[in-house]
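Below: one structure, written as structure tokens.
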Amino acid sequence: MEDPRLIRMRQLVDEVNEHAYRYYVMDAPIISDAQWDKLFDELRDLEKETGTILPDSPSLRVGGTILEAFTPHTHLGPLWSMDKAKTREEVEVWAARAEKLWAAYNEDAVEKLPPIRYTVEYKYDGLTINLTYREGKLAQAATRGNGRTGEAILEQVRTIPTVPLSVPCMDTFEVQGEGIMRLSRLEEYNKTAQEPLKNARNGAAGALRNLDPGETARRKLDIFCYNVGYYEGQPPYRTYAEMTAFLQENRFPVGEFFRPCEDLNQVMEVIEQIDATRTELDYLIDGAVIKIDDLRTREVLGHTDRFPRWALAYKFSAEEMTTVVETITWEVGRTGKLTPLAHVAPVELAGATVKRATLNNFGDIQRKKVRLGGKVWIRRSNEVIPEIMGGVEDAEYPGEEVLPPEVCPACGTVLEEIGANLFCPNSLSCPPQLIWRMVHFASREAMDIETFSIKTAELLFKERDVRQVADLYALKAEDLVDLEGFAEKKAQRLLDELEKSKTRPLGNFLHALGIPGVGRKTARDLAEHFGSLEGLMQADAQELEQIDEIGGIIAQNIVGFFADGHIRNGIERLLAAGVAPVHQAVEKAQDNFFTGKTCVLTGTLSELKRDEAKALIEQAGGKAVGSVSKKTDYVIAGEEAGSKLDKALQLGVTVLSEAEFLQKIGYLGK
Numbered sequence: 001m002e003d004p005r006l007i008r009m010r011q012l013v014d015e016v017n018e019h020a021y022r023y024y025v026m027d028a029p030i031i032s033d034a035q036w037d038k039l040f041d042e043l044r045d046l047e048k049e050t051g052t053i054l055p056d057s058p059s060l061r062v063g064g065t066i067l068e069a070f071t072p073h074t075h076l077g078p079l080w081s082m083d084k085a086k087t088r089e090e091v092e093v094w095a096a097r098a099e100k101l102w103a104a105y106n107e108d109a110v111e112k113l114p115p116i117r118y119t120v121e122y123k124y125d126g127l128t129i130n131l132t133y134r135e136g137k138l139a140q141a142a143t144r145g146n147g148r149t150g151e152a153i154l155e156q157v158r159t160i161p162t163v164p165l166s167v168p169c170m171d172t173f174e175v176q177g178e179g180i181m182r183l184s185r186l187e188e189y190n191k192t193a194q195e196p197l198k199n200a201r202n203g204a205a206g207a208l209r210n211l212d213p214g215e216t217a218r219r220k221l222d223i224f225c226y227n228v229g230y231y232e233g234q235p236p237y238r239t240y241a242e243m244t245a246f247l248q249e250n251r252f253p254v255g256e257f258f259r260p261c262e263d264l265n266q267v268m269e270v271i272e273q274i275d276a277t278r279t280e281l282d283y284l285i286d287g288a289v290i291k292i293d294d295l296r297t298r299e300v301l302g303h304t305d306r307f308p309r310w311a312l313a314y315k316f317s318a319e320e321m322t323t324v325v326e327t328i329t330w331e332v333g334r335t336g337k338l339t340p341l342a343h344v345a346p347v348e349l350a351g352a353t354v355k356r357a358t359l360n361n362f363g364d365i366q367r368k369k370v371r372l373g374g375k376v377w378i379r380r381s382n383e384v385i386p387e388i389m390g391g392v393e394d395a396e397y398p399g400e401e402v403l404p405p406e407v408c409p410a411c412g413t414v415l416e417e418i419g420a421n422l423f424c425p426n427s428l429s430c431p432p433q434l435i436w437r438m439v440h441f442a443s444r445e446a447m448d449i450e451t452f453s454i455k456t457a458e459l460l461f462k463e464r465d466v467r468q469v470a471d472l473y474a475l476k477a478e479d480l481v482d483l484e485g486f487a488e489k490k491a492q493r494l495l496d497e498l499e500k501s502k503t504r505p506l507g508n509f510l511h512a513l514g515i516p517g518v519g520r521k522t523a524r525d526l527a528e529h530f531g532s533l534e535g536l537m538q539a540d541a542q543e544l545e546q547i548d549e550i551g552g553i554i555a556q557n558i559v560g561f562f563a564d565g566h567i568r569n570g571i572e573r574l575l576a577a578g579v580a581p582v583h584q585a586v587e588k589a590q591d592n593f594f595t596g597k598t599c600v601l602t603g604t605l606s607e608l609k610r611d612e613a614k615a616l617i618e619q620a621g622g623k624a625v626g627s628v629s630k631k632t633d634y635v636i637a638g639e640e641a642g643s644k645l646d647k648a649l650q651l652g653v654t655v656l657s658e659a660e661f662l663q664k665i666g667y668l669g670k
């Protein structure tokens, strides 16, 4: 016979959660606070008595044990960034592009897409949260991270009273929302806080990324949910409006503003209305989000490698204010270029305190008439990046002329002036240049050395005399364990990451070298054309100019780069340390199985990263896209493949296992 105390606990959990939903989400309580406290206290007493806490118990919202670290979490579906617009013209360009794709599809489709209609909602300014539900319970919560992998913050998110711990829907799905701190709550919190929060945005982000869930609970955050990013099986909705209804039926707090629009005129009218009234809100928004309503149309439009083609973030005009320039310092980057940084009298803009603003170069200072001690217009561009717009003529603040530095502030070398920019030519020993080169080398789009940060680079430079990227591969555990912030576990992880990086694709390695004018795409093009590091190093400018989008200047940059004896020595040291960049070449003897074919990757691949598999398909003459349709030729399914695999089977699209894909692509291994 089941313990009657557990039966009562289930009753109390359901009852207290129901009242919490009515209070926090619906704003329509049906019992008093004292009655709610009585039910909650009874539940807590039973939990202590039985030693059991049910997974959807409201007591979990209080915040429990302090965590040691955040753990990575792989999202079931991707969390895309959004393309941005600041003018009506940019919105019209986006809409025209979507309508062109819509029309092209409808020309040949048997089942036509409906006319395009839009929705407009607030763009909340907090921290994106991804909620995972399984069998009716909140199973995981994570930050957005890079869109594929975030940090697990389940214990923190459980403290948000508006996040449902249980839902009627028993399927597996992910809901995306924005964690926020209301402005009224910020004011209340700061009345008693030992260290007041500067703004609501940082208050929310800091609470959710705080290892102490108790602190998260004390900030009393809120959430607005706006999207189902993943649904296992066939979702019970066809339009965005129906998706929103699904969220409401499952007790998710959806956005407080949602407007369907028939055309762009209505869209812009609604956006103007939002902009005019946003200061009246009890939370921060930094724009509006425009979406195409029909979900099938969204699927057809698909995504670029960064953004969905069916959504656009309209960013409001930045706030502007005058302040005084107190001083200007100069920062040195990895190329030796000096960038001025203006330190200004603090001003509050868009909910954040601004104390510094960047300028492009000394020419920018002159053009904008910036003076030390003088007034300037300052703007948080798109409410994110502070920038100086120009000087203000004010007799009370005449200011002094800003003079360019003559020597490098970091190493004392006499500077060189190239155009409007100042450069430190001491590339061999200028500390910031060496440090930032290491950071660039280790970055995700280059050698992808996880755990390596600017702080790590500075520490290794100062304490272990690491000067070149090749020095990284000579590090041993004993070199790291005694460093500040390091211990045996972290030291070994960095060494493991360095070892893994030795066999990165050639394109990543070339990007990591920091060749002037060579970005990630050009580096991949060079790898594809030459197939080896040796081939590229021996190339002349004439051969380089035969490659698309490489002109005379970049060709000369590449030739000059590899002709530099110091650089060649550094590359030789890398190779001697075991760094062996490889080009994932397709066997020419193959019958070009993927030439002209459209492929979709889904699930987790064991042999390759997703980007590497995509690059192989493109090298073989194929096309890798993000969504499955009738035009898809092959779906490559790894482990834990989800809805894309289901859709491929429904449409009769050929499905290849990872092993079949590797065999047909001619993959020879790393």
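Last residue of the sequence shown: number 670 in the UniProt record's numbering, and the count goes up by one each step with no gaps.
We treat Cβ as the ideally placed atom computed from N, Cα and C, and that holds for glycine.
Problem set entry | Pick from Leu434, Met181, Glu417, Glu18 that is closest to Asp56, judged by C-alpha positions | Against the sequence shown, residue 56 aligns to sequence position 56. Ranking the options by Cα distance to Asp56, first place goes to Glu18.
Exercise. Over what stretch of residues does the beta strand (DSSP E) that includes Asn130 continue unbroken?
Worked result: Within the sequence shown, the letter at position 130 stands for residue 130. Taken as a continuous stretch (DSSP letters only), the beta strand (DSSP E) holding Asn130 covers 127 to 134.
Problem set entry | Start and end residues, beta strand (DSSP E) containing Gly177 | Position 177 of the sequence shown holds residue 177. Boundaries of the beta strand (DSSP E) around Gly177: 173 to 180.
Exercise. Does DSSP put Val582 in a helix, in a strand, or in coil?
Worked result: Walking along the sequence shown from the start, residue 582 turns up at place 582. Here DSSP, grouped into helix, strand and coil, assigns Val582 to strand.
Exercise. If you draw a straight line from the alpha carbon of Val376 to that of Asp305, how long is it in whole angstroms?
Worked result: The residue given as residue 376 occupies position 376 in the sequence shown. The residue given as residue 305 occupies position 305 in the sequence shown. In this model, Val376 and Asp305 are separated by some 39 Å (Cα to Cα).
For this session: Ignoring anything shorter than 4 residues or poking outside the region 596 to 621, list the alpha helix (DSSP H) runs there in chain order.
Result: Taking 4 residues as the shortest admissible run, the region 596 to 621 contains the following complete alpha helix (DSSP H) segments, listed from N- to C-terminal end: 610 to 619.
For this session: Assess, as a yes-or-no matter, whether the region 451 to 471 is touched by the region 397 to 417 under the definition of 3 or more beta carbon pairs within less than 8 Å.
Result: Counting Cβ pairs under 8 Å, fewer than three are found: no touch.
For this session: Report the three-state DSSP secondary structure of Ile571 (helix, strand or coil).
Result: Taking the first residue of the sequence shown as 1, we reach residue 571 at position 571. Looking at Ile571 - three-state DSSP - the assignment turns out to be helix.
Exercise. Measuring CB to CB, does Ala229 end up less than 9 Å from Tyr122?
Worked result: Translated into positions along the sequence shown, residue 229 becomes position 229. Translated into positions along the sequence shown, residue 122 becomes position 122. The displayed chain sequence assigns Gly, not Ala, to residue 229. No, they are not a contact pair.
Problem set entry | Selected residue, minimal CA-CA separation from Thr654, among Lys86, Ala141, Cys599, Gly626 | Within the sequence shown, the letter at position 654 stands for residue 654. Selected option, being the one with the closest Cα: Cys599.
Exercise. Where does Leu54 land, buried or exposed, given buried means 16+ other C-beta within 10 angstroms?
Worked result: The sequence position of residue 54 within the sequence shown is 54, counting from 1. Leu54 comes out buried.
For this session: Measure the C-alpha to C-alpha separation of Gly287 and Gln266 and round it to an integer number of angstroms.
Result: Taking the first residue of the sequence shown as position 1, residue 287 is located at position 287. Taking the first residue of the sequence shown as position 1, residue 266 is located at position 266. Their backbone Cα atoms lie some 16 Å apart in a straight line.
Problem set entry | Thr244 beta carbon less than 9 Å from that of Leu114 | As a working mapping, residue 114 is identified with position 114 in the sequence shown. As a working mapping, residue 244 is identified with position 244 in the sequence shown. Just to set this straight, residue 114 is Pro in the shown sequence, not Leu. Not in contact: Pro114 and Thr244 (Cβ atoms no closer than 9 Å).
For this session: Identify which residue in Phe70, Met447, Asp45, Leu544 has its Cα closest to the Cα of Val582.
Result: As a position in the sequence shown, residue 582 is number 582, starting the count at 1. For Val582, the nearest C-alpha among the options comes from Met447.
For this session: Compute the beta-carbon to beta-carbon distance between Ile7 and Tyr124, rounded to the nearest angstrom, for a pair I have assumed lies under 8 Å.
Result: Within the sequence shown, residue 7 is the residue found at index 7, counting from 1. Within the sequence shown, residue 124 is the residue found at index 124, counting from 1. Actually they are not in contact, since the Cβ atoms of Ile7 and Tyr124 sit about 40 Å apart, beyond 8 Å.
Problem set entry | Closest Cα partner of Leu46 within the set Phe70, Thr71, Arg10 | Counted from its first residue, the sequence shown places residue 46 at position 46. Leu46 has its Cα closest to that of Arg10, out of Phe70, Thr71, Arg10.
Exercise. Can you give, in chain order, each stretch of the beta strand (DSSP E) that sits fully within the region 367 to 446 and has at least 3 residues?
Worked result: Whole beta strand (DSSP E) segments, 3+ residues: 375 to 381, 385 to 392, 416 to 418, 421 to 423.
Exercise. By DSSP, does Ile30 sit in helix, in strand, or in coil?
Worked result: Here residue 30 corresponds to residue number 30 of the sequence shown, with the count starting at 1. In the three-state reduction of the DSSP assignment, Ile30 falls in the coil class.
Exercise. For residue 673, which of Ile153, Thr149, Glu135, Arg148 has the nearest alpha-carbon?
Worked result: Examination of residue 673 is not possible in this model, given that the chain is present from 1 through 670 alone.
For this session: Mark Asp501 as exposed unless 16 or more other C-beta atoms lie within 10 angstroms of its C-beta, in which case mark it buried.
Result: By one-based count along the sequence shown, residue 501 stands at place 501. Looking at the sequence shown, residue 501 is not Asp but Ser. Buried, by the Cβ-count rule.
For this session: Using only the heavy atoms of the ligand PLP, determine whether one of them is closer than 8 Å to the beta carbon of Phe561.
Result: Among the ligands in the structure shown, none appear at all, so the ligand PLP cannot be discussed.
For this session: Determine the contact status of Gly336 and Cys430, defining contact as a CB-CB distance below 9 Å.
Result: Numbered from its first residue, the sequence shown carries residue 336 at position 336. Numbered from its first residue, the sequence shown carries residue 430 at position 430. If you check the CB distance, Gly336 and Cys430 come in under 9 Å.
For this session: Look up Gln35 in the DSSP assignment and say whether it is helix, strand or coil.
Result: Position 35 of the sequence shown, counting from 1, holds the residue named residue 35. DSSP places Gln35 in helix when its eight states are reduced to three.
For this session: Note the first and the last residue of the continuous beta strand (DSSP E) segment covering Asp108.
Result: On the sequence shown, position 108 is the one that residue 108 refers to. No beta strand (DSSP E) holds Asp108; the alpha helix (DSSP H) holding it covers 88 to 108.
Exercise. Are the beta-carbon atoms of Ala523 and Gly535 separated by less than 9 Å?
Worked result: Numbered from 1 along the sequence shown, position 523 holds the residue referred to as residue 523. Numbered from 1 along the sequence shown, position 535 holds the residue referred to as residue 535. Contact flag unset, no.
Exercise. In whole angstroms, what is the alpha-carbon distance linking Met170 and Ala139?
Worked result: Translated into positions along the sequence shown, residue 170 becomes position 170. Translated into positions along the sequence shown, residue 139 becomes position 139. In a straight line, the C-alpha of Met170 is about 12 Å away from that of Ala139.
Problem set entry | Residues bridged to Met321 [DSSP beta-bridge criterion] | Numbered from its first residue, the sequence shown carries residue 321 at position 321. Met321 pairs with Ile378.
Exercise. Distance, Cα to Cα, Gly391 vs Val407?
Worked result: Translated into positions along the sequence shown, residue 391 becomes position 391. Translated into positions along the sequence shown, residue 407 becomes position 407. Roughly 26 Å separates the two Cα atoms.
Exercise. First and last residue of the alpha helix (DSSP H) that includes Ser184?
Worked result: Within the sequence shown, numbered from 1, the residue matching residue 184 stands at position 184. Counting along the chain, Ser184 sits inside the alpha helix (DSSP H) bounded by residues 183 to 192.
Exercise. Nearest to Asp83 by alpha carbon, out of Val13, Tyr314, Arg379?
Worked result: Residue numbering aside, residue 83 sits at position 83 when the sequence shown is read from its first letter. Ranking Val13, Tyr314, Arg379 by Cα distance to Asp83 puts Tyr314 first.
Exercise. From Arg97 to Lys86, what distance separates their C-alpha atoms?
Worked result: As a position in the sequence shown, residue 97 is number 97, starting the count at 1. As a position in the sequence shown, residue 86 is number 86, starting the count at 1. Straight across, the Cα-Cα distance linking Arg97 with Lys86 is about 17 Å.
Problem set entry | Short Cβ contact (9 Å threshold) for Leu211 with Gly150 | Position 211 of the sequence shown, counting from 1, holds the residue named residue 211. Position 150 of the sequence shown, counting from 1, holds the residue named residue 150. Contact flag unset, no.
Problem set entry | Residue from Pro308, Glu387, Val439, Arg444 whose Cα sits closest to the Cα of Trp94 | Taking the first residue of the sequence shown as 1, we reach residue 94 at position 94. For the residues Pro308, Glu387, Val439, Arg444, the minimum Cα distance to Trp94 belongs to Pro308.
Problem set entry | Neighbour-count burial assignment, Thr128, 16 or more Cβ in a 10 Å radius | Numbered from its first residue, the sequence shown carries residue 128 at position 128. So Thr128 counts as buried.
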